[in-house]
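Student: In case it helps, our numbering puts the sequence shown at residues 6 to 376. We put the beta carbon where it would ideally sit given N, CA and C, even for glycine. Structure in structure tokens, see below.
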Amino acid sequence: MESTKPKRIIISGGGTGGHIFPAIAIANALKKLDPATEILFVGANGRMEMEKVPAAGYKIIGLNIQGIQRKSIWKNLLFPVKLFNSVNKALQIIKDFKPDAAVGVGGYASGPLLYAASLKGVPYLIQEQNSYAGITNKWLGKKAEKICVAFDGMEQFFPADKIIKTGNPIRRESVDIVGKKLQALELYHLSSEKKTIMITGGSLGARTLNNSILAHIDKIIAADVQLIWQTGKFYYKTIIEQLGESYHPNVRIMEFVNRMDLAYAAADVIISRAGAGTIAELCVVKKPVILVPSPNVAEDHQTKNALALLHEQAAVFVADRDAEEKLVDKALELLQNKDLQKRLSDNIGKMALPDADEVIAKEVIQITINN
Numbered sequence: 006m007e008s009t010k011p012k013r014i015i016i017s018g019g020g021t022g023g024h025i026f027p028a029i030a031i032a033n034a035l036k037k038l039d040p041a042t043e044i045l046f047v048g049a050n051g052r053m054e055m056e057k058v059p060a061a062g063y064k065i066i067g068l069n070i071q072g073i074q075r076k077s078i079w080k081n082l083l084f085p086v087k088l089f090n091s092v093n094k095a096l097q098i099i100k101d102f103k104p105d106a107a108v109g110v111g112g113y114a115s116g117p118l119l120y121a122a123s124l125k126g127v128p129y130l131i132q133e134q135n136s137y138a139g140i141t142n143k144w145l146g147k148k149a150e151k152i153c154v155a156f157d158g159m160e161q162f163f164p165a166d167k168i169i170k171t172g173n174p175i176r177r178e179s180v181d182i183v184g185k186k187l188q189a190l191e192l193y194h195l196s197s198e199k200k201t202i203m204i205t206g207g208s209l210g211a212r213t214l215n216n217s218i219l220a221h222i223d224k225i226i227a228a229d230v231q232l233i234w235q236t237g238k239f240y241y242k243t244i245i246e247q248l249g250e251s252y253h254p255n256v257r258i259m260e261f262v263n264r265m266d267l268a269y270a271a272a273d274v275i276i277s278r279a280g281a282g283t284i285a286e287l288c289v290v291k292k293p294v295i296l297v298p299s300p301n302v303a304e305d306h307q308t309k310n311a312l313a314l315l316h317e318q319a320a321v322f323v324a325d326r327d328a329e330e331k332l333v334d335k336a337l338e339l340l341q342n343k344d345l346q347k348r349l350s351d352n353i354g355k356m357a358l359p360d361a362d363e364v365i366a367k368e369v370i371q372i373t374i375n376n
């Protein structure tokens with residue numbers, strides 16, 4: 006007979022919002038299935054999960070682990086020691102917490118924790134967010150019970166019989182945009198008579214996107230187009246110093262967008278990086294999108310994510326190196342092309358998988374039952 010004892014689940018990983026938000030969404034979905042479920046997060050010391058996870062109401066333990074530093078050989082000298090110590094600490098965490106299953110969402114802590122789980126016979130599930138799997142997940146995939154993916158063609162990285170296409174968990178409050186356009190325009194003091202571009206480089210910002218707008222903001226003003234511009238915290242001060250607090254009535258410059266739902270709702274065209282979590286949201290939002298993938302990420306996975314959408318005619322693609330010259334012109338052209346806007350909206354909407362968190366949570370419970 007199946008035990009009714011509450012399940013104990015470890016969720017590991019983090020490093021960026023793109024890993025942390027899905028991890029918390031999976032935890033929330035597990036709690037929704039059974040509020041008695043006990044959940045422990047394992048993250049990397051010094052990374053943002055150590056702050057964001059407790060803020061979401063969950064306990065987290067940190068491992069002293071880092072990634073391979075591509076630009077510094079010296080920093081890598083300590084990597085084997087940190088990895089060894091992290092695996093040992095992960096083994097101790099598993100011994101103390103006695104999980105029924107573990108979930109890895111990517112990020113530095115995922116590797117040591119899932120490896121320790123495999124040594125202890127704890128079944129685990131991998132949530133691979135990108136269209137191109139990293140080295141650690143490919144290696145861990147061999148012993149995983151299930152691998153939840155967001156893109157087609159992932160059997161080139163993982164055993165086909167373990168793959169389930171679930172999509173990436175999203176922040177539901179961010180994509181709840183239906184009927185909010187007027188409220189959004191009011192919040193940003195924008196006109197319903199004018200077209201609006203929203204640009205986001207994520208919470209930290211993206212230098213290329215900011216420089217591209219700065220270089221051609223006169224074209225945006227001349228076209229009488231409105232702009233919701235999330236600069237990110239690294240660039241906000243410099244941009245405000247350059248342009249001033251209230252540069253133009255059509256332009257809203259902000260460090261961080263607190264109400265992503267309203268920014269999405271106000272936009273006619275969205276310009277964005279191509280992180281997997283962002284793409285998952287954009288598919289649900291169903292607005293015409295221009296993707297400018299960051300070249301500064303492992304295995305250039307953002308370019309591969311963007312190309313997966315380009316293949317479905319679901320986004321416009323601008324390479325990072327071309328953005329300063331071409332991005333603003335592309336955005337203004339797209340605003341004039343209603344047919345292309347409709348085609349992009351329809352096609353990106355077909356790729357939406359809005360219930361990924363619930364589907365993944367059910368798979369996690371299933372592997373505890375099967376083992």
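Are there 16 or more other CB atoms within 10 angstroms of the CB of Lys197, so buried, or fewer, so exposed?
Tutor: In the sequence shown, the residue the question calls residue 197 occupies position 192. According to the sequence shown, residue 197 is Ser rather than Lys. Label assigned to Ser197: exposed.
Student: Between Gln134 and Ala281, is the Cβ-Cβ spacing less than 7 angstroms?
Tutor: Numbered from 1 along the sequence shown, position 129 holds the residue referred to as residue 134. Numbered from 1 along the sequence shown, position 276 holds the residue referred to as residue 281. Yes, these two residues count as a Cβ contact at 7 angstroms.
Student: By Cβ distance below 7 angstroms, which residues in the same chain neighbour Val364 in space, the five residues on each side in sequence not counted?
Tutor: Against the sequence shown, residue 364 aligns to sequence position 359. For Val364, the CB contacts under 7 angstroms within the same chain, skipping 5 residues up- and downstream, are Thr171 in chain order.
Student: Kindly indicate which three-state DSSP category Val92 falls into: helix, strand or coil?
Tutor: Your numbering for residue 92 matches position 87 in the sequence shown. It is helical.
Student: Quick one: Cα of Phe162 to Cα of Lys309, how far?
Tutor: By one-based count along the sequence shown, residue 162 stands at place 157. By one-based count along the sequence shown, residue 309 stands at place 304. Rounded to whole angstroms, Phe162 to Lys309 spans 14 angstroms at the Cα level.
Student: Measuring only the C-alpha atoms, how far is Met6 from Ile374?
Tutor: By one-based count along the sequence shown, residue 6 stands at place 1. By one-based count along the sequence shown, residue 374 stands at place 369. Its pLDDT being 38, under 50, Met6 is placed unreliably in this model, and the value from its coordinates should be taken loosely. Answer to the nearest angstrom: the Cα atoms are 11 angstroms apart.
Student: Can you tell me which of the three DSSP states Ala272 falls into?
Tutor: Taking the sequence shown and counting its residues from 1, the one referred to as residue 272 is at position 267. Coil.
Student: Mind checking whether Gly18 and Val110 have CB atoms under 7 angstroms apart?
Tutor: Along the sequence shown, one-based indexing puts residue 18 at 13. Along the sequence shown, one-based indexing puts residue 110 at 105. In this structure, Val110 lies closer than 7 angstroms to Gly18 by Cβ.
Student: The beta strand (DSSP E) that contains Leu232, what's its start and end?
Tutor: In the sequence shown, residue 232 corresponds to position 227, counting from 1. Start and end: Gln231 to Gln235.
Student: Assign Val419 to one of two classes, buried (16 or more other C-beta atoms within 10 Å of its C-beta) or exposed (fewer than that).
Tutor: Within the shown structure, residues of the chain are numbered from 6 to 376, placing residue 419 beyond reach of any answer.
Student: When you compare each of Lys143, Leu130, Val290 and Val302 to Val369 by their alpha carbons, which one comes out closest?
Tutor: Mapped onto the sequence shown, residue 369 falls at position 364. Of the listed residues, the one whose Cα sits closest to Val369 is Leu130.
Student: Mind checking whether Ile295 and Ile276 have CB atoms under 7 angstroms apart?
Tutor: Translated into positions along the sequence shown, residue 295 becomes position 290. Translated into positions along the sequence shown, residue 276 becomes position 271. Result yes, Cβ atoms of Ile295 and Ile276 sit closer than 7 angstroms.
Student: Measure the beta-carbon distance from Ile25 to Lys57 and round it to whole angstroms, keeping in mind my assumption that it falls under 8 angstroms.
Tutor: Stepping through the sequence shown from its first residue, residue 25 is reached at position 20. Stepping through the sequence shown from its first residue, residue 57 is reached at position 52. Correct: roughly 5 angstroms between the Cβ atoms.
Student: Quick test of the definition: if touching needs 3 or more C-beta pairs under 8 angstroms, does the segment 324 to 336 touch the segment 219 to 226?
Tutor: Judged by Cβ distances under 8 angstroms, the segment 324 to 336 makes contact with the segment 219 to 226, as three or more pairs qualify.
Student: In angstroms with no decimal places, state the Cα-to-Cα distance between Thr21 and Tyr113.
Tutor: In the sequence shown, residue 21 corresponds to position 16, counting from 1. In the sequence shown, residue 113 corresponds to position 108, counting from 1. Their backbone Cα atoms lie some 10 angstroms apart in a straight line.
Student: I need the DSSP call for Glu7, collapsed to helix, strand or coil.
Tutor: The count along the sequence shown starts at 1 and reaches residue 7 at position 2. Residue placement at Glu7 is poorly supported in this model, since its pLDDT is 48, which falls under 50; the coordinates are not used for a value here.
Student: Give the single residue among Ile372, Ala313 and Ala320 whose Cα lies nearest to the Cα of Pro293.
Tutor: Here residue 293 refers to the residue found at position 288 of the sequence shown. Out of Ile372, Ala313 and Ala320, the CA that lies nearest to the CA of Pro293 is found in Ala320.
Student: Could you give the DSSP three-state label for Met356: helix, strand or coil?
Tutor: Position 351 of the sequence shown, counting from 1, holds the residue named residue 356. Coil at Met356, not helix or strand.
Student: Taking Cβ positions, are Met55 and Gly62 nearer each other than 7 angstroms?
Tutor: As a first step, residue 55 must be located in the sequence shown, where it is residue number 50. As a first step, residue 62 must be located in the sequence shown, where it is residue number 57. No, these two residues do not count as a Cβ contact at 7 angstroms.
Student: Alpha carbon to alpha carbon, what distance is there between Ile204 and Tyr240?
Tutor: Walking along the sequence shown from the start, residue 240 turns up at place 235. Walking along the sequence shown from the start, residue 204 turns up at place 199. Computed Cα separation, rounded: 14 angstroms.
Student: Measuring alpha carbon to alpha carbon, tell me which residue in Val297, Gln307 and Asn301 is nearest Phe322.
Tutor: Position 317 of the sequence shown, counted from the start, is the residue given in the question as residue 322. Among Val297, Gln307 and Asn301, the Cα nearest to that of Phe322 belongs to Val297.
Student: Identify whether Thr102 lies in helix, strand or coil by the three-state DSSP scheme.
Tutor: For the purposes of this step, residue 102 is identified with residue 97 of the sequence shown, where counting begins at 1. This sequence places Phe at residue 102; Thr is not what is there. In the structure shown, Phe102 sits in a helix (DSSP, three-state: H, G or I).
Student: Cutting at 7 angstroms between CB atoms, please list the residues of its own chain near Ala41, excluding the five before and the five after it.
Tutor: Against the sequence shown, residue 41 aligns to sequence position 36. Excluding residues within five positions, the ones whose Cβ falls inside 7 angstroms are Pro11.
Student: Could you name the residues that DSSP lists as bridge partners for Thr205?
Tutor: Here residue 205 refers to the residue found at position 200 of the sequence shown. Beta-bridge pairing links Thr205 to Gln235 and Ser277.
Student: Do you know offhand how far Asn352's Cα is from Pro164's?
Tutor: Numbered from its first residue, the sequence shown carries residue 352 at position 347. Numbered from its first residue, the sequence shown carries residue 164 at position 159. One C-alpha to the other measures close to 28 angstroms.
Student: Using CA coordinates, which residue listed in Val230, Ala227 and Glu260 is at the minimum distance from Thr243?
Tutor: On the sequence shown, residue 243 is found 238 positions in, with the first residue counted as 1. Cα-wise, what sits closest to Thr243 is Glu260.
Student: Can you tell me which residues form a DSSP beta bridge with Tyr129?
Tutor: For the purposes of this step, residue 129 is taken as the residue at position 124 of the sequence shown. Beta-bridge pairing links Tyr129 to Ala107.
Student: Pick helix, strand or coil for Ser17, following the three-state DSSP scheme.
Tutor: The residue labelled residue 17 in the question sits at position 12 within the sequence shown. Strand at Ser17.
Student: Please name the residue, chosen from Ala328, Val289, Ile284 and Val302, that lies closest to Ala311 on a Cα-to-Cα basis.
Tutor: Within the sequence shown, the letter at position 306 stands for residue 311. Nearest neighbour of Ala311 by Cα position, chosen from Ala328, Val289, Ile284 and Val302, turns out to be Ile284.
Student: Among Leu287, Asp360 and Asn255, which residue has its Cα nearest to the Cα of Tyr269?
Tutor: Numbered from 1 along the sequence shown, position 264 holds the residue referred to as residue 269. Looking at the Cα atoms, Leu287 is the closest of the given residues.
Student: To the nearest angstrom, report how far apart Ala95 and Trp144 are at their CA atoms.
Tutor: Residue 95 sits at position 90 when you count from the first residue of the sequence shown. Residue 144 sits at position 139 when you count from the first residue of the sequence shown. Computed Cα separation, rounded: 18 angstroms.
Student: Please report the Cβ distance between Pro59 and Ile175, rounded to the nearest whole angstrom; I am assuming they are in contact, meaning their Cβ atoms lie under 8 angstroms.
Tutor: Position 54 of the sequence shown, counting from 1, holds the residue named residue 59. Position 170 of the sequence shown, counting from 1, holds the residue named residue 175. No, Pro59 and Ile175 are not in contact; Cβ-Cβ is about 22 angstroms, not under 8 angstroms.
Student: On a Cα-Cα basis, can you pick out the residue from Ile14, Asn50 and Met53 that is closest to Leu38?
Tutor: For this step, residue 38 is matched to residue 33 along the sequence shown. Comparing Cα-Cα distances from Leu38 to each of Ile14, Asn50 and Met53, the minimum goes to Ile14.
Student: Look at the Cβ atom of Asn173, then the Cβ atom of Ala34, and state whether they are nearer than 7 angstroms.
Tutor: Position 168 of the sequence shown, counting from 1, holds the residue named residue 173. Position 29 of the sequence shown, counting from 1, holds the residue named residue 34. Going by C-beta atoms, Asn173 is not nearer than 7 angstroms to Ala34.
Student: Using 10 angstroms around the beta-carbon of Ile44, count the other beta-carbons present and answer buried if the total reaches 16, otherwise exposed.
Tutor: Mapped onto the sequence shown, residue 44 falls at position 39. Buried.
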